[in-house]
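Asks:
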Amino acid sequence: MAEPEPRQLSLPSGLLELCALLGAPRGSLRGAGQFAQKRGVRSPPVDPEVLSVFAPPFVSKDESQAAGADFTALCKTKRRSLRKKREKHKPEHWHGLPGDPEDVVVPNDVDLLALPQLCFPGGVRVASEPKEDSVHFLVLTDVCGNRTYGVVAQYYRPLHDEYCFHNGKTRSESSRQTVSVAGCFVPFAVCVVSRYPYYNALKDCLSCLLTQLKLCQDFEVDNHIKEFAAKLSLIPSPPPGPLHLVFNMEPLQIVFPSRVDPESPIIDLDLHLPLLCFRPETVLQVLTCMLTEQRMVFFSCDWALLTLVAECFLVYLHPLHWQHTFVPILSGQMLDFVMAPTSFLMGCHLDHFEEVSKEADGLVLINIDNGSITCSTSSGDGMDIPDVPLLAAQTFIQSIQSLQLHQELDLAHCSSSTDLNEGQGRRRAWQQKLNGQIQQVTLQLLVDIFREVKNHLNYEHRVFNSEEFLKTRAAGDHEFYKQVLDTYMFHSFLKARLSRRMDAFAQMELSTQSEEDRINGMLISPRRLTVEKMALQRSSLQKAAQRRMVVSMPDLQDITVVEVQPRKSSLRQVDAVSCKGCSRAEDVAPKSIYTFEIPEVHFPLVTQCVQTYYADFVDLLSKAMSFLGPDNSVLLACYFYLRGFIHLVQGKLLYALLDFQNLYKTDIRIFPADLVKRTVALMSAPELAQVERTPELKRLIKEVVDKPREVAKADDHVKNFELPKKHMQLDDFVKRVQESGIVKDTYIIHRLFDALTVGHQKQIDPETFRDFYNCWKEAEVEAQEVSLPSSVMEHLDKNECVYKLSSSVKTNHGVGKIAMTQKRLFLLTEGRPGYVEISTFRNIEEVRSTTVAFLLLRIPTLKIKMVSKKEVFEANLKTECDLWQLMVKEMWAGKKLADDHKDPQYIQQALTNVLLMDAVVGTLQSSNAIYAASKLSYFDKMKNEMSVPITTSEALKHKINPSAGETSPQAIDVLLYTPGHLDPAEKTADAHPKLWCALSEGKVVVFDASSWTVHQHCFKVGASKLNCMVMAEQSQVWIGSEDSVIYIINVHSMSCNKQLTDHRTSVVDLIVQDGEKTPSEVYSCSRDGMVLAWNVSTLRVTSRFQLPGHTLTSARLHQGRLWCCTGNSIVVVTTNGFLRQELKIVESFYDKSTSFLGFQLIPEEEQLWAAGAEYSEVYIWSLQDLTQPPQRVPLQDCTEVSCMIRVKRQIWVGGKGLSQGQPKGKVYVIDTERKTVDKELVAHTDTVTTLCSAEDRYVLSGSGREEGKIAIWKVE
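In terms of this note's numbering, the sequence shown is residues 124 to 1399.
#1: Taking the alpha carbon of Val729 as the reference point, which residue from Leu357, Pro230, Asn578 has its own alpha carbon closest?
#2: Report buried or exposed for Phe977, applying the criterion of at least 16 other Cβ atoms within 10 angstroms of its Cβ.
#3: Can you tell me which of Asn1259, Arg1329, Phe1261, Arg1263 puts its alpha carbon nearest to the alpha carbon of Gly1281?
#4: Can you tell me where the beta strand (DSSP E) holding Asp459 begins and where it ends?
#5: Verify whether the separation of the beta carbon atoms of Lys988 and Glu968 is less than 7 Å.
#6: Check whether the stretch 411-423 touches the stretch 470-484, taking contact to mean three or more Cβ pairs, one atom from each stretch, closer than 8 Å.
#7: Nearest to Gln530 by CA position, among Asp474, Ala1132, His395, is which residue?
#8: Answer yes or no: do Trp1304 and Leu1291 have a C-beta to C-beta separation smaller than 7 Å?
#9: Sorted by chain position, which residues of the same chain lie with C-beta nearer than 6 Å to Leu780's C-beta, five sequence neighbours on each side aside?
#10: Taking just the CA atoms, how far does Tyr1206 sit from Gln1229?
#11: Per DSSP, what kind of secondary structure is Ile389 in: helix, strand or coil?
#12: Determine the extent of the alpha helix (DSSP H) in which Ala178 is found, giving its start and end residues.
#13: Tell me where the beta strand (DSSP E) around Phe1130 begins and ends.
#14: Find out if the Cβ-Cβ distance for the pair Lys946, Glu923 is shorter than 7 Å.
#15: Measuring alpha carbon to alpha carbon, tell me which of Cys424, Leu1183, Tyr787, Val772 ends up nearest Ala760.
#16: Can you name, in chain order, every residue of its own chain whose Cβ lies under 7 Å from the Cβ of Ile85, other than the five neighbours on each side?
#17: DSSP three-state label for Tyr322, please.
#18: Can you give me the C-alpha to C-alpha distance between Asp586 and Lys842, rounded to a whole angstrom?
#19: Is Arg623 helix, strand or coil by DSSP?
#20: If you check the beta carbons only, do Ser715 and Pro365 fall under 7 Å apart?
#21: Ordered along the chain, which non-local residues of its own chain (more than five positions away) have a Cβ less than 6 Å from that of Cys331?
#22: Quick check: what's the CA-CA separation for Val1365 versus Ser1386?
#23: Per the contact definition of three or more C-beta pairs closer than 8 Å, is the stretch 839-857 in contact with the stretch 885-892?
#24: When the Cβ atoms of the stretch 1351-1359 are set against those of the stretch 1373-1381, are three or more pairs found closer than 8 Å?
#25: Report yes if the C-beta distance between Asp1026 and Lys1064 is below 7 Å; otherwise report no.
#26: Are Thr1090 and Val866 close, meaning C-beta to C-beta below 7 Å?
#27: If you reduce the DSSP assignment to three classes, tell me which class Ile769 lands in.
#28: Where in the stretch 1035-1121 do unbroken runs of the alpha helix (DSSP H), each at least 4 residues long, occur, reported from the N-terminal end onward?
#29: What are the start and end residues of each continuous alpha helix (DSSP H) run of 4 or more residues lying completely inside the stretch 403-459, in chain order?
#30: Exposed or buried, what is Pro179 when buried is set at 16 or more other beta-carbons lying within 10 Å of its beta-carbon?
#31: Are the Cβ atoms of Ala878 and Val1043 separated by less than 7 Å?
#32: What's the C-alpha gap between Gln784 and Leu765?
#33: Within this structure, are the beta carbons of Val975 and Thr944 separated by less than 7 Å?
#34: Going by DSSP, what residues sit across from Tyr1170 in a beta bridge?
#35: Threshold first: 4 residues or longer. Then list the alpha helix (DSSP H) segments lying entirely within the stretch 843-893, N to C.
#36: Once the 5 residues before and after Pro722 are set aside, which same chain residues still bring their CB inside 7 Å of it?
Below, the structure is given as structure tokens:
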């Protein structure tokens, strides 16, 4: 019976893909050596070739099988096998390594034919004297666009009478073929190819190798390189996180840095190199060329700088990605590559500058050596590189100039290091700090350039309105944005924004958002220039008329536009003084970095030595984990990842899966899901049986392998807004209006549809839509062009905006234009412009339209009566009178409702209605236009139905809308208030108290509870309904979901990197001991009756029990016992699950069947309060004897109870009931001593779904999907 094939598992690559020795073929050295001996005569170049190739695995197959190892090819990826004799007459074969009869397997994406000319881009020349060792760097790209990275070290060896290398033969064997040349030095190159850009680390490795090669005999070179390659092949790449790997390679310690997170690049180079080569203005020009995807060529006399500088610029653009050809080094034979018609980024030697500039037009030529940038054109015209937006450029230049780019100045106060590795460590720490600062500066530049893109996105339909975005840019910036908006890079950037990806750009944008922008983020009104921004505009040197500002999207936050200085011919002319007002990029403290020293590799490299190395690796990792505190979960995750990886290489699949299971709970960002799936598929039947017997692994496999995932790829297209070309029914009209950015609220668009189709068939033709769109835009233009005198602005609040301006009319206060802001009406008098206050909307008592006689005419007149004035304001508005009456009454009603409901969004919604009325009248221009516009008069019609009872008004403090900016309201499922605390390592804003709001489909919105502004816009945890939330410790919020997962949120990063998957059904409640600020234990309950106790630090289950035959809905922890609501009973159990008491519902309710909806415990009163389904009463039992009949507290007009909480000596009950004959969301406040309802609060139009307490000072109530708002109540 044939032996089974050994199991093979494709693991993530180690550091080494391939190591090669390259040099000149033997025959070509004869003539070159003779030239080298002649003084002043330069030897002709010789074509190099690959002399030796070394690629993993380095343990022979026979050795592996003898040791009984199944995983002989663990680290193999798809490779090709190649034999080649070094003799020139048989190039198609490959001679094996010394002592190795096997073929050399070469990675598919490494082209050995092109490698020699890249390793010797200037050719091979024999020298008459030895030259200094040199290093340069390669980037190799396969046909699929995957990149590998090469580091090449060139060094010289003397050309003896015998040929340098013997191909594994003895000296006597090779002496028959000699080259009688003395006093000559031959260049050789060692190239290391890796999948990771470890430029500095591999440079240090090769430097250590060269010291050995210079001291060894010629015939020993191959063995030294093979041992070197074998060492590198055994080193894994560190996982994303704070852990760097350290490897001892005499005489240096080599550090392999990790990427910060899975989305970030590996940075192992000096990011300040371009800043030493170019002025900041030139750096901006190079970045502009990359953002506009030009055809770019770098030039330098130093081959190393070509790759390093180009790579630095790619890092500067992160998280944007260069998606085109990237070949940082071109040899002389590759120069025709620059003739390519598509975008590219290439590099070649400065000697070819003239040749390249003459042969190809339209290239951007960047000279690294003299810091210049030019353009190759046959016409002789200068280059046309658009300028970066001026304010962003000024901030960037100022920030760059403030950096300390010279280590000597920064370390001048330090004593001299007497240890080589200590000196390297100092240099590395300084470089890491500087790299972090440069990344912050360049990221801030991108945020400054693209921050306002989000204001012109429609997330629901994935639309970007580029035309309107361009209109908001300064005139001098138009060319820059026009070119950038048309690139693949920007298109990918839009995809990420529309997918709400929380990448480095989004995090920086959020952290640098002003408080005004946070407040405006809560508003949905059409945006205009505020009085404050008008003042800024006035103070600018550039006149407002030179800049046409048109803003399109009313439902998003205000666009901040600051007028800038006139565009100058060159950024180099920007006066440094003008940058004083520019905000400097935030100086973020570097994150903690940890190192792990990899064990030594012992030779000869047989299986036993390799297994010893892996065993030592695992032991060191386990030891490091034992000394690690449980609070450092990010570092612990790195250890779990590495140990799991090593266990896989050892063939210990079960141990590997256990590590990955712990990693899944610790940091899901770096969890290798695909690797786990492949591992399970490779396991034998006995191993799978053992997995089934291990609960933790069984759950992991069910979650990762068995659980069906979404197969369909998310739609990531991006559309540019276009006016419709076909007739639209209601649904299509809603979509088109939302895409246009005019308004997003579906209910408002329905009313707009009714208005535009009055007297017509219920469909909108393209011409009507175009007219409406143009009327809206023209109104925006008119409002933006309003220029208020300083004497007028003094009377207005700084955040007021002029939304509507009438034509010039006669009033009883003189002739002028009536202006409408979100707060008031005022008259802008003509002649000498002046300000006459008409009224604030709050002060209006009556608005009516009438006519006054003038000669034989009756002129329509608007009359406004104020509460505080006897005099009635009159304005002869003529044809505008009816429209202004509608608008003023709508704003008046909106302001009244905003005051009554303590909800500022009502006035913002009224503004939207008013401007839509104006656009509808301008669109229809018919006799029924006013009637059509009245369809949008919503608040004026609803003000009587939306009145607020006095008791409610007195208790209500504020209302907020988590669904602001959405197309429709969303139900609020859970609320959680977390108190503020000051952590010195975090930003001050993180110390504020927060309100966590769970919406439908796993969405979470976080508010700053000190100002009730959005702290974190919507992020998602899963896709199911969220049932419960609790603050487990100061940095963690746990969220239980309908999908049976507990999601753990980091309150600082607002990200979910940990998941607990031990429950099998919906997680319905999370409980901590009342009064504990930093609980050590959390209890979680699932609907199937499973209760788990978790250690907060280790995230391990400390105990578990099952309530048999029960369906859990909620639980409370009281005096060390769990009170569990199971629907038909309330069960009291110990924390180990032993039953102590049970209150059955059938013993208390005889008249009709029901179930418990929820309960609260009042220990000091020895009482249990509970509510039952279909009952409009709250029931109270004595804890001393649960068998006694309960007392009852009736809830007047209550039709449904949904939630209840205890606050001080009160029980707050949320539900639904009748108010003025209409079903409303209600909150009943019950005094626990008197057992009577103190207050009946009505502030929601839909059922109150959840309640939470804020330090017993406030209670917050959330409502269902018909309203979707949060009310904040004061506790008496």
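By construction, the Cβ of each residue, glycine as well, lies at the ideal position given by its N, Cα and C atoms.
Replies: So, to answer that:
#1: Nearest of Leu357, Pro230, Asn578 to Val729, Cα basis: Leu357.
#2: Its Cβ having fewer than 16 others within 10 Å, Phe977 is exposed.
#3: Looking from the CA of Gly1281, the closest CA among Asn1259, Arg1329, Phe1261, Arg1263 belongs to Arg1329.
#4: Looking at the DSSP string, Asp459 is not in any beta strand (DSSP E), and its letter there is neither H nor E.
#5: Contact annotation: Lys988 and Glu968 have beta-carbon atoms nearer than 7 Å.
#6: Inter-segment contact for the stretch 411-423 and the stretch 470-484 is present: three or more beta-carbon pairs are separated by less than 8 Å.
#7: The shortest C-alpha separation from Gln530 is found at His395.
#8: For the 7 Å CB-CB criterion, Trp1304 and Leu1291 form a contact.
#9: Taking C-beta separations shorter than 6 Å and ignoring five residues to either side along the sequence, the partners of Leu780 in its chain run Leu820, following chain order.
#10: CA-CA distance, Gln1229 to Tyr1206, rounds to 13 Å.
#11: Under the three-state reduction of DSSP output, Ile389 falls in the coil class, being neither helix nor strand.
#12: Careful: Ala178 lies outside any alpha helix (DSSP H) and carries neither H nor E.
#13: In the DSSP assignment, Phe1130 falls within the beta strand (DSSP E) that extends over 1126-1131.
#14: Going by C-beta atoms, Lys946 is nearer than 7 Å to Glu923.
#15: The option with the nearest alpha carbon to Ala760 is Tyr787.
#16: Any property of residue 85 remains undetermined from this structure, which presents the chain solely from 124 to 1399.
#17: Shown here, Tyr322 sits in a helix according to DSSP, grouped into three states.
#18: The identity of residue 586 in the sequence shown is Val, whereas the question assumes Asp. So the alpha carbons of these two residues sit roughly 5 Å apart.
#19: Three-state result, Arg623: coil.
#20: With contacts defined as CB atoms closer than 7 Å, Ser715 and Pro365 qualify as a contacting pair.
#21: Non-local beta-carbon contacts of Cys331 in its own chain, meaning distances under 6 Å to residues more than five positions away in sequence, involve Met372, Leu375 in chain order.
#22: Distance between the alpha carbons of Val1365 and Ser1386: 11 Å.
#23: Yes: at least three Cβ pairs fall under 8 Å.
#24: The stretch 1351-1359 is not in contact with the stretch 1373-1381.
#25: Going by C-beta atoms, Asp1026 is not nearer than 7 Å to Lys1064.
#26: No, the Cβ-Cβ distance between Thr1090 and Val866 is not below 7 Å.
#27: Looking at Ile769 - three-state DSSP - the assignment turns out to be helix.
#28: 1052-1057, 1061-1065, 1073-1078, all fully within the stretch 1035-1121.
#29: Taking 4 residues as the shortest admissible run, the stretch 403-459 contains the following complete alpha helix (DSSP H) segments, listed from N- to C-terminal end: 403-414, 426-439.
#30: It is buried - the Cβ of Pro179 has at least 16 other Cβ atoms within 10 Å.
#31: In this structure, Val1043 lies closer than 7 Å to Ala878 by Cβ.
#32: Each residue's Cα considered, the two are about 13 Å apart.
#33: Taking 7 Å as the cut-off, the Cβ atoms of Val975 and Thr944 do not count as close.
#34: The beta-bridge partner set that DSSP reports for Tyr1170 consists of Ile1162, Gln1182.
#35: Counting whole runs of 4 or more residues, the stretch 843-893 contains the alpha helix (DSSP H) stretches 853-863, 869-879.
#36: The beta carbon of Pro722 sits closer than 7 Å to the beta carbons of Tyr736, Asp739, Phe740, Leu743 from its chain, once the five residues preceding and following it are set aside; these are given in chain order.
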